[in-house]
Amino acid sequence: MPRLAYVDGQIIPLASASVPVEDRGLQFADSVYEVCAVLNGRLLDWPLHLARLGRNLGELSIAAPMADAALSLVAKRLIAANRVTEALLYIQVSRGTAKRDHGFPSARAPTLVMTVRPFDFAQRVAQQSKGVAVISVADQRWGRCDIKTTGLLANVLAKQEARDAGAFEAWLVRDDGTVTEGGSTNTWIVDAGTIVTHPQSPHILPGVMRAAVIEAAVAAGIPLVERPFSLDEARGANEAFITSTTVPVLPVIRIDGHAIGGGKPGSIAALLAKAIWNRIATQTGYRP
Ligand SMILES: Cc1ncc(COP(=O)(O)O)c(C=O)c1O
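Convert by adding 16 to the 1-based position in the sequence shown; the result is the number in the working numbering.
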């Protein structure tokens, strides 16, 4: 597989792809990003990723590097050039390169970078039937977690803590005891047959997979409420699970060592996982 990247207008070998030292993404995390699933060579939920990217750029007054149609073309060209069918497309847009100074530079010349890396989605099937363990850690992030910026240090530290503890994910807990989301996933519990997830707010990222799961739950007629839930509530829940582009509905069977739902994946998570694999098959033709 060739491993090619896109950097500001050119498709070049990943190994030699770079941005200038004074790129604002590098020096200030003044940049936003997207991670999109490529299955069977096709992008999953691409319009939702484009819409979120556009919103995030707007929230930070970063100029769009190009129109959506052109971005789509570049993304598809890069995927094809990498000759890969199951992969993750990474897109990053920074405010551009300028002399280091906190305020915005006067020229609006954003830097667009894209990479593609192979990703085995089928590995998730086995994980879905086994479930994973998570730990809880303090949510130390800033007040605009709804914007997908590359300022991910608190997430990096939380996920490393999970890794060191042998857990799959870290659940982020605010001072008031509520769980916002995971280090790179949205978090869910099932309480007496009702699915509960944190509402869209500045404290969580509006996940593309989150939107897909809400759609699936509504279509299946499963009661769902968007409200904050506490870590204590999660520990006593019948089921818990996490979602993201790379983790389509993964049951959580342990939180901080406490077994959830008797330590086995639950039936609602299984039903939603099936619905998401169907959504994937409908959009892309991919079946694990
Ligand atoms: C903090 C955080 N929450 C939630 C998600 C899930 O978002 P999506 O479903 O769009 O992948 C991510 C994805 O990386 C994330 O980083």
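The C-beta atom is built at its ideal place from N, Cα and C for all residues, glycine as well.
Kindly indicate which residue of the options has the alpha-carbon position closest to the one of residue i.
{"i": "Ile271", "options": "Met130, Arg99, His65, Ser246", "result": "Ser246"}
{"i": "Ala183", "options": "Gly119, Ile269, His118", "result": "Ile269"}
{"i": "Pro264", "options": "Ala256, Leu288, Thr298", "result": "Leu288"}
{"i": "Ala91", "options": "Ala31, Pro121, Gln26", "result": "Gln26"}
{"i": "Ile292", "options": "Ala253, Pro29, Val229", "result": "Val229"}
{"i": "Met17", "options": "Gly57, Leu105, Pro134", "result": "Pro134"}
{"i": "Ile296", "options": "Gly57, Ala31, Pro267", "result": "Gly57"}
{"i": "Gln156", "options": "Asp180, Ala186, Ala181, Ala253", "result": "Ala186"}
{"i": "Thr210", "options": "Val51, Ala80, Tyr22, Ile238", "result": "Ile238"}
{"i": "Ile276", "options": "Lys290, Ala250, Ile258, Lys164", "result": "Ala250"}
{"i": "Asp192", "options": "His219, Ala53, Arg179, Pro36", "result": "His219"}
{"i": "Leu188", "options": "Cys161, Val23, Asp180", "result": "Cys161"}
{"i": "Ala103", "options": "Ala125, Ala181, Arg19", "result": "Arg19"}
{"i": "Ser88", "options": "Ile28, Tyr22, Ala114", "result": "Tyr22"}
{"i": "Lys290", "options": "Leu266, Lys280, Ala96, Gly119", "result": "Leu266"}
{"i": "Leu55", "options": "Asn72, Ser32, Ala96, Ser77", "result": "Ala96"}
{"i": "Ala125", "options": "Ala178, Ala53, Ser77, Ala253", "result": "Ser77"}
{"i": "Ala227", "options": "Pro63, Ser32, Asp117", "result": "Pro63"}
{"i": "Val37", "options": "Thr113, His118, Asp24", "result": "Thr113"}
Could you tell me the alpha carbon to alpha carbon distance between residue i and residue j, rounded to whole angstroms?
{"i": "Gly159", "j": "Ala45", "result": "15 Å"}
{"i": "Gln108", "j": "Val129", "result": "5 Å"}
{"i": "Glu75", "j": "Asp39", "result": "19 Å"}
{"i": "Gln299", "j": "Asp61", "result": "8 Å"}
{"i": "Leu240", "j": "Gln216", "result": "14 Å"}
{"i": "Thr213", "j": "Val48", "result": "24 Å"}
{"i": "Ala208", "j": "Leu42", "result": "46 Å"}
{"i": "His274", "j": "Ala142", "result": "22 Å"}
{"i": "Gly301", "j": "Leu94", "result": "20 Å"}
{"i": "Thr131", "j": "Leu105", "result": "6 Å"}
{"i": "Val100", "j": "Val153", "result": "36 Å"}
{"i": "Pro304", "j": "Asn294", "result": "10 Å"}
{"i": "Ala80", "j": "Thr259", "result": "28 Å"}
{"i": "Arg35", "j": "Phe257", "result": "Correcting the residue identity first, residue 35 is Val in this sequence and not Arg. Computed Cα separation, rounded: 37 Å."}
{"i": "Leu30", "j": "Arg190", "result": "38 Å"}
{"i": "Val51", "j": "Thr261", "result": "7 Å"}
{"i": "Ile151", "j": "Ile163", "result": "24 Å"}
{"i": "Thr127", "j": "Asn72", "result": "15 Å"}
{"i": "Ile170", "j": "Gly278", "result": "According to the sequence as given, residue 170 is Ala; it is not Ile. Each residue's alpha carbon lies about 31 Å from the other."}
{"i": "Ala10", "j": "Leu59", "result": "What the structure shows of the chain is the stretch from 17 to 304, and residue 10 is not part of that stretch, so it cannot be assessed."}
{"i": "Gly252", "j": "Gly167", "result": "33 Å"}
{"i": "Glu255", "j": "Arg179", "result": "22 Å"}
{"i": "Arg116", "j": "Asp24", "result": "20 Å"}
{"i": "Ile28", "j": "Thr165", "result": "25 Å"}
{"i": "Ala33", "j": "Asn98", "result": "14 Å"}
{"i": "Gly119", "j": "Lys280", "result": "51 Å"}
{"i": "Ser122", "j": "Ala181", "result": "46 Å"}
Step through the CB atoms of chain C and report whether any lies within less than 9 Å of the CB of residue i.
{"i": "Ser88", "result": "Reference to chain C is not applicable here, since this structure consists of a single protein chain."}
Inset, instruction - Give a yes or no on contact between the region 224-235 and the region 282-300, applying the rule of three or more CB pairs nearer than 8 Å. - result: Verdict: yes, contact present.
Legend entry - For review: beta carbons within less than 5 Å of any heavy atom in ligand 1: Cβ atoms closer than 5 Å to ligand 1 belong to Glu197, Ser200, Asn202, Leu221, Gly223, Val224, Met225, Ser260, Thr261.
Legend entry - Contained beta strand (DSSP E) runs [length at least 3] in the region 99-159, N- to C-terminal order: The qualifying runs are 103-110, 127-134, 148-154.
Inset, instruction - Please determine if the region 243-260 and the region 201-219 are in contact, where contact requires at least 3 C-beta pairs separated by less than 8 Å. - result: Taking a contact to require three or more Cβ pairs closer than 8 Å, the region 243-260 and the region 201-219 qualify as touching.
Legend entry - Segments of 4+ residues assigned as alpha helix (DSSP H) that fall wholly inside the region 251-278: For the region 251-278, not a single whole alpha helix (DSSP H) run of length 4 or above is found.
Legend entry - the region 108-120 / the region 141-152 touching (three or more Cβ pairs under 8 Å): No, they do not touch.
Inset, instruction - Please confirm if the region 81-90 is in contact with the region 55-69, defined as three or more CB-CB distances below 8 Å between the two stretches. - result: The answer is yes - the region 55-69 touches the region 81-90, with three or more Cβ pairs under 8 Å.
Legend entry - Given 8 Å, three or more beta-carbon pairs between the region 179-199 and the region 211-223: Contact holds: three or more Cβ-Cβ distances are below 8 Å.
Legend entry - Contained alpha helix (DSSP H) runs [length at least 4] in the region 165-195, N- to C-terminal order: Annotation note: the region 165-195 contains the following uninterrupted alpha helix (DSSP H) runs of length 4 or greater, listed N- to C-terminal: 169-180.
Legend entry - At least 3 beta-carbon pairs within less than 8 Å: the region 169-182 vs the region 127-141: The count of Cβ pairs closer than 8 Å, one atom from the region 169-182 and one from the region 127-141, stays below three, leaving the stretches out of contact.
Legend entry - Within the region 37-105, ranges of the alpha helix (DSSP H) (whole runs, at least 4 residues): Complete alpha helix (DSSP H) runs here, min 4: 40-44, 62-75, 84-97.
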